[in-house]
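Engineer: Quick note, the sequences are listed as chains A and B, same order.
Note that the UniProt record's numbering has the first sequence beginning at 1, numbered continuously upward.
Note that the UniProt record's numbering has the second sequence beginning at 1, numbered continuously upward.
Each residue gets a CB set at the ideal place from its N, CA and C atoms; glycine is no exception.
Number of protein chains: 2
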Amino acid sequence: MTHEGVDLGSSVGYALKVAATALRTAMDGALRPLDLSVSQYSCLEVLRQRPGLSAAELARATFVTRQSAHALLQGLEHRGLLSRPTAPASGRALPTRLTADGVDVLARATRLVAEVEERMLAGATASDRARLLDDLTACAAALDAPVAAGRAPEDGTPA
Amino acid sequence: MTHEGVDLGSSVGYALKVAATALRTAMDGALRPLDLSVSQYSCLEVLRQRPGLSAAELARATFVTRQSAHALLQGLEHRGLLSRPTAPASGRALPTRLTADGVDVLARATRLVAEVEERMLAGATASDRARLLDDLTACAAALDAPVAAGRAPEDGTPA
DNA sequence: TGCGTCATGTCAGCATCCTGACATAGCCTC
DNA sequence: GAGGCTATGTCAGGATGCTGACATGACGCA
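1) Do you know offhand how far Val-46/A's Cα is from Leu-58/A's?
2) Considering Ala-56/A, what are the terminal residues of the alpha helix (DSSP H) in which it resides?
3) Closest to Arg-48/B by CA distance: which of Leu-112/B, Asp-128/B, Ala-100/B and Leu-136/B is it?
4) Listing by chain order, which chain B residues have their CB less than 8 Å from the CB of Val-12/A?
5) What would DSSP say about Thr-96/B, mapped onto helix, strand or coil?
6) Check whether the region 66 to 86 of chain A touches the region 9 to 25 of chain A, taking contact to mean three or more Cβ pairs, one atom from each stretch, closer than 8 Å.
7) What is the residue span of the alpha helix (DSSP H) that Thr-21/A lies within?
8) Does the pairing of the region 121 to 128 of chain A with the region 110 to 129 of chain B give three or more beta-carbon distances under 8 Å?
9) Please list the partners that Ala-142/B has in chain A, where partner means a Cβ-to-Cβ separation under 7 Å.
10) Give the secondary structure of Asp-35/A by DSSP, where H, G and I count as helix, E and B as strand, and everything else as coil.
11) So, Ala-33/A versus Arg-97/A, is the Cβ gap smaller than 8 Å?
12) According to DSSP, which residues form a beta bridge with Ser-83/B?
13) For Ala-87/A, count neighbouring Cβ atoms within 10 angstroms of its own Cβ and tell me buried if that reaches 16, exposed if not.
14) Between the Cα of Glu-77/B and those of Leu-16/B, Ser-11/B, Gly-91/B and Pro-95/B, spot the shortest distance and give me the residue it belongs to.
15) If the cut is a Cβ gap below 7 Å, which residues of chain A does Ala-19/B touch?
16) Could you check where the alpha helix (DSSP H) with residue 172/A kicks off and where it finishes?
17) Can you check whether the CB of Tyr-41/B is closer than 8 Å to the CB of Leu-31/B?
18) Among the residues of its own chain, which have a CB less than 6 Å from the CB of Ala-26/A, if the five just before and after it don't count?
19) Below 8 Å between beta carbons: does that hold for Gly-102/A and Leu-44/A?
20) Candidates Ser-11/A, Thr-137/A, Ala-107/A and Ser-39/A: which alpha carbon is nearest Ala-61/A's?
21) For chain A, check one thing: does any of its Cβ atoms lie closer than 8 Å to the Cβ of Ala-30/B?
22) Just the Cα atoms here: how many angstroms apart are residue 183/B and Thr-110/A?
23) Is the beta carbon of Ala-15/B closer than 8 Å to that of Leu-133/A?
24) Mapping the DSSP letters down to three states, classify Gly-102/B as helix, strand or coil.
25) List the whole-angstrom C-beta distance separating Val-105/A from Leu-72/A, where the pair is believed to meet the contact cut-off of C-beta under 8 Å.
26) Hey, how far is the Cα of residue 164/A from the Cα of Ala-114/B?
27) Identify the continuous alpha helix (DSSP H) that holds Leu-143/B and give its terminal residues.
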């Protein structure tokens, strides 16, 4: 019945895909009680660390397009989790900030996500985790991927 | 960073997502000359290892729905990379097999994908790779993800 | 001052993948 | 043999994210 080559089973790339998919699915399930998608959670998390971000900046930070970020922001704003000025203060950018509700929801979401990650790494020691983090970061870097969330052009932090 | 500080840069989950995204992007770019998407490549690869799979079986093997698999198969069949009988032989399942063209295209695709994976792991020794593969597989398993790609339809991972 | 360039927000269209539903073929139980 | 159960193929609709395009505001330079 299973007389196939073991190609896929021994491929790091395939394992990477499977693990990432499993993580995404698990996070999605964990965040469901809060009625939050993974993308929305990421958005809130980035916004907490960098308040006042515009939609375009946030898009770059979360590796999506401006359009997707915009749709995401609209939904979260409608739910009162974040606020944006109706008119731009200086340029065209609309700086976004979390509301009190947003901070609260994010705190709970963070807890849930942390539980998922803890479950994923339950069998790993601290040094195991550090090593895995290192390996994954190296993989992304080797593929010329923006590994840092702050690679926004307007950050003015050239290499 | 008082009590809820989650630094994205030191999160294994985040690194996993970034690495997987980078890999997918790189594979997509590598396969573009063959006019093949990653999903299509996966489909061909699974089909090579397990000829005669039905659309539903292939869907389970590639972690997508029957509908997605069906659409994928139609496209690949239209391009002459695989063939399916017009009428079911015994049940309703339509066993799918690669054509000669399909085998040829897949061979080239496999080469391109292998180059990408090699680039990703360029700085890793054989034992590094084995360890990373182990870690990723363990992560997926801990999240209750179906790890087996070449298994029978019943993945055998009950809750 | 006037113009070109860039960044941003926004609209429209397209692709992909999903959930939901339905019809049919084979198998199992009675 | 009849009826249910499961698996498969297929159609319809929706959610999400992308590319392309356009208008506007800030900035740099002749």
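Structural biologist: On the basis of the data shown:
1) Translated into the one-based positions of the first sequence, residue 46/A becomes position 46. Translated into the one-based positions of the first sequence, residue 58/A becomes position 58. Between Val-46/A and Leu-58/A, the C-alpha separation is close to 7 Å.
2) Translated into positions along the first sequence, residue 56/A becomes position 56. Here the alpha helix (DSSP H) through Ala-56/A covers 55 to 61.
3) Position 48 of the second sequence, counted from the first residue, corresponds to residue 48/B. The option with the nearest alpha carbon to Arg-48/B is Ala-100/B.
4) For the purposes of this step, residue 12/A is identified with residue 12 of the first sequence, where counting begins at 1. Correct list: Glu-117, Met-120, Leu-121, Arg-129, Leu-132, Leu-133 and Leu-136.
5) Translated into positions along the second sequence, residue 96/B becomes position 96. Strand at Thr-96/B.
6) Cβ pair count under 8 Å is below three, so no.
7) Here residue 21/A is taken as the residue at index 21 of the first sequence, counted from 1. First-last of the alpha helix (DSSP H) with Thr-21/A: 12 to 31.
8) Contact between the region 121 to 128 of chain A and the region 110 to 129 of chain B is absent, because fewer than three Cβ pairs lie under 8 Å.
9) The residue you call residue 142/B lines up with position 142 of the second sequence. Going along chain A in sequence order, the residues near Ala-142/B (Cβ under 7 Å) are Arg-119, Met-120, Ala-122 and Gly-123.
10) Position 35 of the first sequence holds residue 35/A. The answer is coil: DSSP assigns Asp-35/A none of H, G, I, E or B.
11) Walking along the first sequence from the start, residue 33/A turns up at place 33. Walking along the first sequence from the start, residue 97/A turns up at place 97. Ala is not the amino acid found at residue 33/A; the sequence shown has Pro there. Result no, Cβ atoms of Pro-33/A and Arg-97/A do not sit closer than 8 Å.
12) As a position in the second sequence, residue 83/B is number 83, starting the count at 1. Per DSSP, Arg-97/B.
13) Taking the first sequence and counting its residues from 1, one reaches residue 87/A at position 87. Exposed, since its Cβ has fewer than 16 Cβ neighbours within 10 Å.
14) For the purposes of this step, residue 77/B is identified with residue 77 of the second sequence, where counting begins at 1. The candidate whose alpha carbon is nearest that of Glu-77/B is Pro-95/B.
15) Looking up residue 19/B in the second sequence gives position 19. Per Cβ cutoff of 7 Å: Leu-16, Leu-136, Cys-139 and Ala-140.
16) Residue 172/A is absent from the structure shown; chain A starts at 1 and stops at 159.
17) Position 31 of the second sequence holds residue 31/B. Position 41 of the second sequence holds residue 41/B. With contacts defined as CB atoms closer than 8 Å, Leu-31/B and Tyr-41/B qualify as a contacting pair.
18) Looking up residue 26/A in the first sequence gives position 26. Excluding residues within five positions, the ones whose Cβ falls inside 6 Å are Val-116.
19) Within the first sequence, the letter at position 102 stands for residue 102/A. Within the first sequence, the letter at position 44 stands for residue 44/A. It is a contact, given that the beta carbons lie within the stated cut-off.
20) For the purposes of this step, residue 61/A is taken as the residue at position 61 of the first sequence. Across the set Ser-11/A, Thr-137/A, Ala-107/A and Ser-39/A, the C-alpha of Ser-39/A shows the shortest separation from the C-alpha of Ala-61/A.
21) Stepping through the second sequence from its first residue, residue 30/B is reached at position 30. Taking Cβ atoms only, chain A never reaches closer than 8 Å to Ala-30/B, which makes this a no.
22) Here chain B covers residues 1 to 159 and nothing more, so residue 183/B does not appear.
23) As a first step, residue 133/A must be located in the first sequence, where it is residue number 133. As a first step, residue 15/B must be located in the second sequence, where it is residue number 15. Result yes, Cβ atoms of Leu-133/A and Ala-15/B sit closer than 8 Å.
24) On the second sequence, residue 102/B is found 102 positions in, with the first residue counted as 1. Of the three classes helix, strand and coil, the one that applies to Gly-102/B here is helix, per DSSP.
25) For the purposes of this step, residue 105/A is taken as the residue at position 105 of the first sequence. For the purposes of this step, residue 72/A is taken as the residue at position 72 of the first sequence. Contact flag wrong, Cβ pair sits at about 14 Å.
26) Outside the displayed span of chain A (1 to 159) sits residue 164/A, for which this structure offers no information.
27) Residue 143/B sits at position 143 when you count from the first residue of the second sequence. It is not in any alpha helix (DSSP H) - Leu-143/B carries neither H nor E in the DSSP assignment.
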